[in-house]
Amino acid sequence: MSETYQSKRDRRQRVLGSLPAELRKHVSLRNVEAVAALSPQAQERLMEGFQAGLKQVTRAVEQLRVNPNTSVTDLLDPPAK
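Taking the numbering used here, the leading residue of the sequence shown gets 32, the next gets one more, and so forth.
And the structure:
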């Protein structure tokens, strides 16, 4: 049986509640599970990115998953692949 919209929303709300308070206000329900899967160090770097004006959350999360030490500058303006 597949998950209902409401149960998925409820699960994501619980995950959102487990994130650090400062991070919660910047992360949408759509991205909350990916952000929660990041290491605490990567979550801190993501918060620094938000404070510096980060808008591309999905790309930043992917980069932080690969390298939690990615600079805020690279989060804001990712290098070309």
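Quick reminder that beta carbons are idealized off the backbone N, C-alpha and C, glycines included.
Check, Outcome
"Could you give the C-beta distance for Ala29 and Leu77, rounded to a whole number, given that I count them as a contact under 8 Å?", "As shown, the chain starts at 32 and ends at 112. That puts residue 29 outside it, with no answer to give."
"What are the boundary residues of the alpha helix (DSSP H) that includes Ser38?", "Tyr36 to Ser49"
"Taking the continuous alpha helix (DSSP H) assigned at Leu54, which residues delimit it?", "Ala52 to Arg55"
"So, Leu69 versus Val58, is the Cβ gap smaller than 8 Å?", "no"
"Going by beta-carbon coordinates alone, are Gly80 and Leu106 separated by less than 8 Å?", "yes"
"By the DSSP assignment, the alpha helix (DSSP H) with Leu60 in it spans what residues?", "No alpha helix (DSSP H) contains Leu60, which DSSP labels as neither H nor E."
"Along the chain, where does the alpha helix (DSSP H) containing Pro71 start, and where does it finish?", "Pro71 to Gln82"
"Of the residues Ser102, Arg96, Val63 and Gln94, which one's Cα is nearest the Cα of Arg45?", "Val63"
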